[in-house]
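Only one structure is covered here, and it is reproduced in the block below.
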Amino acid sequence: MRPGWDEYFALLVEVVALRSTCYRRQVGALVANGDKEIVSTGFNGNVRGALHCDEVGCVKDEMGLKSGEGAEWCTAVHAEQNALIQAGKKSRDSTMYVNAFPCKICARQIVNAGIMRVVISGEYTDKDGLR
Numbered sequence: 000m001r002p003g004w005d006e007y008f009a010l011l012v013e014v015v016a017l018r019s020t021c022y023r024r025q026v027g028a029l030v031a032n033g034d035k036e037i038v039s040t041g042f043n044g045n046v047r048g049a050l051h052c053d054e055v056g057c058v059k060d061e062m063g064l065k066s067g068e069g070a071e072w073c074t075a076v077h078a079e080q081n082a083l084i085q086a087g088k089k090s091r092d093s094t095m096y097v098n099a100f101p102c103k104i105c106a107r108q109i110v111n112a113g114i115m116r117v118v119i120s121g122e123y124t125d126k127d128g129l130r
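Each residue of the sequence shown is one higher than the one before, counting from 0 in numbering that gives the first Met the number 0.
If you want it as structure tokens, here you go:
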């Protein structure tokens, strides 16, 4: 059966998440414009040029922090942030698809980027971004 647009993009987000270099949580994000064209994608991983956590280990594991805690210690860029960086101003009036609830920081960036709608296809411990 042919999926609707939301289901289609949600499935693609799962494939994007496979590129994640975080071994704790694989998150993918996708920005699609009103014409249902993909504007950008992003996955969570270390900053450009740094060794990835799947290569050198996770600082949050070393500190005994749970998922959703200690974001300030993590050197990764969130999937939503990477998708917004790639999209630039093309994200205005678009829809973001993500397989986890955006954290508070990502939620603010999503709003500021002009994203009009967010479709979440997964769960995450930090749901404060919904407020």
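Positions of the beta carbon are idealized from the N, C-alpha and C atoms, including for glycine.
Residue(s) in a DSSP beta bridge with residue i
{"i": "Leu-29", "result": "Thr-40 and Tyr-96"}
{"i": "Ile-104", "result": "Per DSSP, none; premise fails for Ile-104."}
{"i": "Ile-119", "result": "Val-97"}
{"i": "Asn-45", "result": "Ala-75"}
Other residues of its chain near residue i: CB distance less than 7 Å, five sequence neighbours each side excluded
{"i": "Ser-90", "result": "Val-30, Val-38, Leu-83, Ala-112, Gly-113 and Ile-114"}
{"i": "Asp-5", "result": "Val-118"}
Reference residue i; option with closest CA among the options
{"i": "Cys-73", "options": "Asp-53, Cys-57 and Leu-11", "result": "Cys-57"}
{"i": "Asn-81", "options": "Thr-40, Leu-10 and Thr-20", "result": "Thr-40"}
{"i": "Lys-35", "options": "Cys-21, Leu-11, His-51 and Leu-17", "result": "Leu-11"}
{"i": "Val-14", "options": "Phe-42, Arg-1, Gly-63 and Pro-2", "result": "Phe-42"}
Under 8 Å between C-beta atoms of residue i and residue j
{"i": "Ala-86", "j": "Gly-121", "result": "no"}
{"i": "Gly-27", "j": "Ala-78", "result": "yes"}
{"i": "Ser-19", "j": "Gly-44", "result": "yes"}
{"i": "Val-110", "j": "Val-76", "result": "no"}
{"i": "Cys-102", "j": "Ala-70", "result": "yes"}
Whole-Å CB distance - residue i paired with residue j, under 8 Å assumed
{"i": "Ala-16", "j": "Tyr-96", "result": "Actually they are not in contact, since the Cβ atoms of Ala-16 and Tyr-96 sit about 11 Å apart, beyond 8 Å."}
Own chain partners of residue i with C-beta closer than 6 Å, once the 5 adjacent residues on each side are dropped
{"i": "Glu-54", "result": "none"}
Contacting residues, own chain, Cβ-Cβ under 8 Å from residue i (five flanking each side not counted)
{"i": "Gln-108", "result": "Glu-79, Gln-80 and Leu-83"}
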